[in-house]
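K.L.:
Sharing a structure below in structure tokens format, with a few things to ask.
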Amino acid sequence: MTAESPRPIAFFDMKAQQALIRDQLDRRIAVVLEGGRFIQGPEVDELEAELCAFSGAKHAVGISSGTDALQIAMMAEGVGPGDAVFLPAFTYTATAEVPLVLGATPVFVDVDPVSFNIDLADLERRLALVKAEGRLRPRAVVGVDLYGNPADWPAIEALCAREGMFALDDAAQAFGATLNNRRLGTYAHATALSFYPTKTLGCYGDGGALLTDDADRADLYRSLRTHGEGKTRYEVLRTGMNGRLDTIQAAILLCKLPLLEDELVARNRTAAAYAKALAGVVTAPTAVAGATSAWGIYTVTLPDADARARVQKALSGRGIPSAIYYPRPLHHQPAYATHHAGAIATGAPPLPVSEALCHQVLALPMHPYLSEDDVGRIAEGIRAAL
Ligand SMILES: *Cc1c(COP(=O)(O)O)cnc(C)c1O
Numbered sequence: 021m022t023a024e025s026p027r028p029i030a031f032f033d034m035k036a037q038q039a040l041i042r043d044q045l046d047r048r049i050a051v052v053l054e055g056g057r058f059i060q061g062p063e064v065d066e067l068e069a070e071l072c073a074f075s076g077a078k079h080a081v082g083i084s085s086g087t088d089a090l091q092i093a094m095m096a097e098g099v100g101p102g103d104a105v106f107l108p109a110f111t112y113t114a115t116a117e118v119p120l121v122l123g124a125t126p127v128f129v130d131v132d133p134v135s136f137n138i139d140l141a142d143l144e145r146r147l148a149l150v151k152a153e154g155r156l157r158p159r160a161v162v163g164v165d166l167y168g169n170p171a172d173w174p175a176i177e178a179l180c181a182r183e184g185m186f187a188l189d190d191a192a193q194a195f196g197a198t199l200n201n202r203r204l205g206t207y208a209h210a211t212a213l214s215f216y217p218t219k220t221l222g223c224y225g226d227g228g229a230l231l232t233d234d235a236d237r238a239d240l241y242r243s244l245r246t247h248g249e250g251k252t253r254y255e256v257l258r259t260g261m262n263g264r265l266d267t268i269q270a271a272i273l274l275c276k277l278p279l280l281e282d283e284l285v286a287r288n289r290t291a292a293a294y295a296k297a298l299a300g301v302v303t304a305p306t307a308v309a310g311a312t313s314a315w316g317i318y319t320v321t322l323p324d325a326d327a328r329a330r331v332q333k334a335l336s337g338r339g340i341p342s343a344i345y346y347p348r349p350l351h352h353q354p355a356y357a358t359h360h361a362g363a364i365a366t367g368a369p370p371l372p373v374s375e376a377l378c379h380q381v382l383a384l385p386m387h388p389y390l391s392e393d394d395v396g397r398i399a400e401g402i403r404a405a406l
């Protein structure tokens with residue numbers, strides 16, 4: 021008997037989904053090619069209406085990427101030099117890059133050891149330090165729904181309301197997640213989405229959106245994404261940017277959005293299968309009460325870096341991909357370390373949870389088309405290595 025090499029497992033699978041909607045994609049793209057309105061075509065308006073219907077947000081504005089969505093949201097508030105923007109130390113770099121691009125100062129906050137999302141007690145502590153020093157004005161909190169798992173939005177909203185701060189939801193990994201039966205997009209003053217291809221709703225290039233219930237903010241976002249234009253194209257009211265979502269990407273998203281509901285169910289089914297197959301071996305972060313994760317990424321926690329390296333190697337030997345989100349906390353990144361040191365001059369408290377997680381987390385394949393057999397194979401690989 022010859023050994024058969026096992027079927028490869030995709031980390032993210034965009035091909036299986038594409039096969040389901042290929043005809044529709046071809047049709048929709050052909051309409052854009054024939055119409056010729058590649059910028060701000062009718063598909064962008066149609067998508068914005070569909071994003072509102074799906075999320076429950078009153079307004080949706082298509083943006084060129086998730087990063088640009090974060091930037092436009094902060095530009096609209098006038099975030100700039102002298103402003104402190106509180107955000108988790110354990111997230112993707114884009115969350116921290118945006119305040120710096122605008123001249124503001126990121127204040128890194130530790131994450132909760134159970135949810136891996138921003139720790140409210142640590143946020144209060146750092147806020148008090150910034151206020152006591154009086155050099156920076158507390159201006160905004162960016163909550164990240166890491167891996168698709170909602171942050172504690174009622175608590176973040178209450179803190180921001182009390183302090184007169186702007187609450188921004190970086191939901192780039194979490195579109196479709198719910199909290200107390202409401203989708204993300206209806207929490208915070210604004211919610212930034214990314215349609216990067218591997219996100220829960222992804223296009224075939226870069227894309228993003230801002231969701232808000234506030235009509236004035238939505239108007240500002242529309243102006244800022246087109247160079248700060250006013251009522252006519254050649255009236256410039258404010259400094260803006262080129263932050264538009266391409267028509268062709270909107271057309272692609274219109275084909276994909278109708279699948280999202282079922283895909284979220286499939287992701288939750290896969291997460292449950294993982295939890296069952298890995299019970300007593302490793303765990304994934306737990307959702308806050310009342311939340312359903314969008315499972316953008318499925319991450320487990322290993323005891324230490326050695327165990328993680330062993331597992332990664334064992335999986336790789338079985339043809340199973342894995343990834344680390346994130347190997348370094350942001351305050352240790354060369355680009356941010358000095359900003360971190362300067363943010364709280366009297367000495368910022370340590371960020372032990374963010375630092376520990378960087379050595380422990382390992383992301384496993386997660387997509388709506390992963391079979392239970394695949395989950396079984398992956399779990400077996402992990403058990404064998406530990
Ligand atoms: C992907 C991501 C972004 C950036 O989105 P882009 O569309 O790639 O610009 C921002 N924040 C988080 C947490 C992300 O995962």
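Numbered according to this note's numbering, the sequence shown spans residues 21 to 406.
Here a beta-carbon is modelled for each residue, glycine too, at the ideal position from N, C-alpha and C.
1. Would you say LEU371 and PHE128 are within 9 angstroms of each other, going by their C-beta atoms?
2. Nearest by alpha-carbon distance to ILE340: which of ALA376, GLN60, GLY401 is it?
3. ALA192: beta carbon under 8 angstroms from a heavy atom of ligand 1?
4. State whether the region 331-350 contacts the region 206-219, with contact taken as three or more CB pairs (one from each stretch) at a distance under 8 angstroms.
5. Check THR358 in the structure and name its three-state DSSP category.
6. Please tell me whether, using a cut-off of 8 angstroms, the distance from the CB of LYS35 to the nearest non-hydrogen atom of ligand 1 is below it.
7. Nearest-angstrom Cα distance between ILE29 and ALA343?
8. Would you say the beta carbon of GLY86 is closer than 8 angstroms to some non-hydrogen atom of ligand 1?
9. Within the same chain, show all residues whose beta-carbon is closer than 6 angstroms to that of THR198, passing over the 5 residues directly before and after it, in chain order.
10. Assign VAL308 to one of three DSSP states: helix, strand, or coil.
11. I think LEU237 touches ALA96, with their Cβ atoms under 8 angstroms apart; what is that distance to the nearest whole Å?
12. Taking only the alpha-carbon atoms, compute the straight-line gap between THR111 and ILE138 and give it to the nearest angstrom.
13. Report all residues from its chain with a CB closer than 6 angstroms to the CB of PRO385; omit the five preceding and five following residues, and keep chain order.
14. Rank VAL64, ALA39, PRO174, ALA93 by C-alpha distance to the C-alpha of ASN200 and give the top, closest one.
15. Spatial neighbours of ARG57 within its chain, please: C-beta separation below 7 angstroms, excluding the five flanking residues on both sides.
16. Between the Cα of CYS378 and the Cα atoms of GLN332, LEU322, ALA404, which residue gives the shortest distance?
17. Three or more C-beta pairs closer than 8 angstroms, one from the region 213-232 and one from the region 70-85: is that the case here?
18. At what residues does the alpha helix (DSSP H) containing ASP394 begin and finish?
19. Determine the burial state of SER336: buried for a count of at least 16 other Cβ atoms within 10 Å of its Cβ, exposed for fewer.
20. Could you have a look at ASP190 and say whether DSSP puts it in helix, strand or coil?
21. Return helix, strand or coil for GLY163, following the three-state DSSP convention.
22. Which residue comes first and which comes last in the beta strand (DSSP E) that contains TYR241?
23. Taking only runs that begin and end inside the region 197-235, name each unbroken beta strand (DSSP E) of 3 or more residues, in chain order.
24. Using the C-alpha atoms, what's the distance from LEU156 back to ASP326?
25. Taking the beta carbon of MET21 as the centre, do at least 16 other beta carbons fall within 10 Å, making it buried, or is it exposed?
26. In the DSSP assignment, find the unbroken beta strand (DSSP E) run with PHE106 in it and report its ends.
27. Quick check: what's the CA-CA separation for ILE45 versus GLY310?
28. Following the continuous beta strand (DSSP E) through ILE83, name the residue where it begins and the one where it ends.
P.N.:
Taking the geometry as given:
1. Cβ atoms of LEU371 and PHE128: closer than 9 angstroms.
2. That would be GLY401, whose Cα lies nearest to the Cα of ILE340.
3. ALA192 Cβ: within cutoff of ligand 1.
4. Because the criterion of three Cβ pairs below 8 angstroms is not met, the region 331-350 and the region 206-219 do not touch.
5. In the three-state scheme derived from DSSP, where H, G and I count as helix and E and B as strand, THR358 is classed as helix.
6. Because no heavy atom of ligand 1 lies under 8 angstroms away, the Cβ of LYS35 does not count as near it: no.
7. Going by C-alpha positions, ILE29 is about 13 angstroms away from ALA343.
8. At least one heavy atom of ligand 1 lies closer than 8 angstroms to the C-beta of GLY86.
9. Excluding sequence neighbours, THR198 sits near THR312.
10. Coil, per DSSP.
11. A quick correction: the sequence has Arg, not Leu, at residue 237. Correct: roughly 6 angstroms between the Cβ atoms.
12. Rounded to the nearest whole angstrom, the CA to CA distance from THR111 to ILE138 is 10 angstroms.
13. For PRO385, where only same-chain residues beyond five positions count, the Cβ hits under 6 angstroms are ILE29, PHE31.
14. Comparing Cα-Cα distances from ASN200 to each of VAL64, ALA39, PRO174, ALA93, the minimum goes to PRO174.
15. In the same chain as ARG57, and ignoring 5 residues on each side of it, the C-beta atoms closer than 7 angstroms to its own belong to THR267, in chain order.
16. Out of GLN332, LEU322, ALA404, LEU322 has the C-alpha closest to the C-alpha of CYS378.
17. At 8 angstroms Cβ cutoff, the stretches touch.
18. Going by DSSP, ASP394 is part of the alpha helix (DSSP H) stretching over 392-405.
19. Around the CB of SER336, fewer than 16 other CB atoms lie within 10 Å, so the residue is classed as exposed.
20. Strand at ASP190.
21. Residue state, collapsed to three classes: strand.
22. Going by DSSP, TYR241 is part of no beta strand (DSSP E) but of the alpha helix (DSSP H) stretching over 235-245.
23. Whole beta strand (DSSP E) segments, 3+ residues: 210-214, 228-232.
24. It is roughly 40 angstroms from the alpha-carbon of ASP326 to the alpha-carbon of LEU156.
25. In this predicted model, MET21 has a pLDDT of only 40, less than 50, meaning its place in the structure is not dependable enough to derive any value.
26. According to the DSSP assignment, PHE106 belongs to the beta strand (DSSP E) that extends over 103-108.
27. The amino acid occupying residue 45 in the given sequence is Leu; Ile does not appear at that position. Looking at the two C-alpha atoms, the distance is approximately 36 angstroms.
28. Segment 79-83, the beta strand (DSSP E) holding ILE83.
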